[in-house]
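The C-terminal residue of the sequence shown carries number 1083 in the working numbering, and the numbering is unbroken.
Note that CB positions come from ideal geometry on N, CA and C, so glycine has one too.
Let me begin by presenting the structure, written as structure tokens, before commenting on it.
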Amino acid sequence: MLNNIWKILFLVFLFSCANDTISDTDDNSSVNQNNLDIITWNIEHYPKHSNTNLYLEDIINSIEGLDIIALQEIESSNQLSMLANNLGPEWVDFRHENSDWGELSYLINSETVSYQEPYSILNEYQYYFAYRPPYVLEFDYNDQQFILINVHYKCCGDGTLDEQDSGDEEFRRLQATYYLDNYISDNFPNSNVIIVGDFNDSLDDDEQNNVFNLFFNSSAYFFTDLTMALENNYWQYWSFPSWPSHLDHIVISNELFDEYENVNSNCNTMVLDGFFDNGWIDYNNYISDHRPVRLSLDTSQ
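Structure below.
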């Protein structure tokens, strides 16, 4: 069996047609009427500042062609609803539960997407998901049906996977991946599945300690943000630069491989530092310690 680094390099080569880059709010070159545009964004302790929503409104309104924002760490239903209302009547919001806990949530552009109300899955295994069960959105776009799964894996750990310790953070992330794959195989075996979120782990760990081996060893999945994860220039490419690391990922099922191989499809880390006078310092102060990652998928295939 190939080790992880060779598998990763092979996957990068296989999908080299897709344009994986960084971007800022002025880069809308990927905007295409056939493209489904999804962002995953951990907005730390939302809202972490009284002006967070004001900045988010400006940022989101500057991103053309946006269809869905999958959110993590949303601590206020009222503030999220206010944000959706201020973005315009086409935007709707959903939050897993109305609590002061950092919940999984969605902002959906109802003009471009038709949808069913989101629901949680794998509640019986929520310990492995840090008591944040995956949040599923079933929707239609461009006459195609999609399954979007929003996750926020357990944080922290020492980088070493201990499968004998049920409390080990890496082991909990490994089990989350296992249960998620089983659920998809049983319930969405032939569906267009997209998994997004803060996975709280790197893709390029060695095989012995990689919690994503199940995804890498399967022909059913691909990490569209893989090239960002392998970049040495972490400040421009990684979603969590202050560690530094790349923790926010987007996974597609093999039903979407053809669409992603299209030259109009791409995945990028959105570097929003330049939106603020003091760059990353202000972004981190007003918005989050995570950057969003965006998938733009050409659905004309």
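From residue i to residue j, what does the alpha carbon distance come to, in whole angstroms?
| i | j | result |
| --- | --- | --- |
| proline 871 | threonine 834 | 20 Å |
| serine 844 | glutamine 946 | 48 Å |
| leucine 865 | arginine 914 | 22 Å |
| serine 832 | valine 993 | 37 Å |
| tyrosine 1065 | leucine 838 | 10 Å |
| isoleucine 903 | proline 916 | 6 Å |
| asparagine 1067 | isoleucine 825 | 11 Å |
| asparagine 932 | asparagine 868 | 24 Å |
| asparagine 891 | tryptophan 1062 | 28 Å |
| aspartate 1071 | glutamate 952 | 21 Å |
| threonine 822 | phenylalanine 1005 | 13 Å |
| phenylalanine 901 | valine 978 | The residue asked about is misnamed: residue 901 is tyrosine in this sequence, not phenylalanine. Their backbone Cα atoms lie some 15 Å apart in a straight line. |
| glutamate 893 | asparagine 1048 | 22 Å |
| phenylalanine 1022 | aspartate 925 | 35 Å |
| asparagine 880 | serine 863 | 11 Å |
| asparagine 1014 | serine 896 | 39 Å |
| leucine 943 | aspartate 950 | 7 Å |
| asparagine 1036 | phenylalanine 997 | 11 Å |
| lysine 936 | threonine 959 | 11 Å |
Is residue i helix, strand or coil when you go by DSSP?
| i | result |
| --- | --- |
| serine 984 | coil |
| serine 844 | coil |
| isoleucine 903 | coil |
| asparagine 1048 | strand |
| arginine 914 | coil |
| tryptophan 873 | strand |
| glutamine 854 | strand |
| asparagine 992 | coil |
| aspartate 1080 | strand |
| serine 1035 | strand |
| asparagine 932 | strand |
| phenylalanine 1057 | helix |
| serine 863 | helix |
| serine 967 | helix |
| isoleucine 890 | strand |
| tryptophan 883 | coil |
| glutamate 952 | helix |
Could you round the C-beta distance between residue i and residue j to whole angstroms and report it? I think they count as a contact, below 8 Å.
| i | j | result |
| --- | --- | --- |
| alanine 912 | histidine 878 | That pair is no contact at about 13 Å. |
| aspartate 819 | arginine 1076 | 7 Å |
| cysteine 908 | asparagine 974 | Sequence inspection shows glutamine at residue 908; the cysteine mentioned does not correspond to that position. Going by Cβ atoms, the distance from glutamine 908 to asparagine 974 rounds to 25 Å, so no, they are not a contact pair. |
| leucine 930 | isoleucine 976 | 5 Å |
| threonine 1081 | glutamate 1041 | 6 Å |
Residue i: which of the options sits nearest, CA to CA?
| i | options | result |
| --- | --- | --- |
| methionine 1052 | Phe953, Glu839, Ile1034, Gln1018 | Gln1018 |
| glutamine 957 | Glu899, Asn991, Asn972 | Asn991 |
| isoleucine 856 | Asp840, Ile842, Tyr837, Lys830 | Lys830 |
| arginine 1073 | Ser896, Asp1030, Val1045, Leu1008 | Asp1030 |
| isoleucine 1069 | Gln815, Tyr828, Asn814, Ile821 | Tyr828 |
| alanine 1011 | Ser1000, Ile1032, Asn999, Ala1002 | Ile1032 |
| glutamine 815 | Ile841, Asn1048, Gly847, Ser1024 | Gly847 |
| aspartate 882 | Asn860, Phe1022, Trp873, Val895 | Asn860 |
| glutamate 906 | Tyr961, Phe998, Asn1048 | Tyr961 |
| isoleucine 1034 | Leu836, Asn880, Asn972 | Asn972 |
| aspartate 1001 | Asn1014, Leu1038, Glu989 | Checking the sequence shown, residue 1001 turns out to be serine, not aspartate. Per the Cα distances, Leu1038. |
| phenylalanine 970 | Asn1046, Tyr1003, Trp1025, Phe998 | Tyr1003 |
| isoleucine 841 | Asp988, Leu1054, Asn995 | Leu1054 |
| cysteine 938 | Val1045, Asn817, Ser1027 | Ser1027 |
| aspartate 940 | Asp987, Asn995, Ser1024, Glu899 | Asp987 |
| tyrosine 1133 | Trp873, Glu899, Ser948 | The structure shown does not extend to residue 1133, since the chain is modelled only from 783 to 1083, so the question has no answer here. |
> Between the region 848-861 and the region 878-897, do at least 3 Cβ pairs fall closer than 8 Å?
Replying inline: yes
> Given 8 Å as the limit, is there contact between the region 965-977 and the region 1058-1073, that is, 3 or more CB pairs closer than that?
Replying inline: no
>> Quick test of the definition: if touching needs 3 or more C-beta pairs under 8 Å, does the region 980-994 touch the region 918-926?
In response: no
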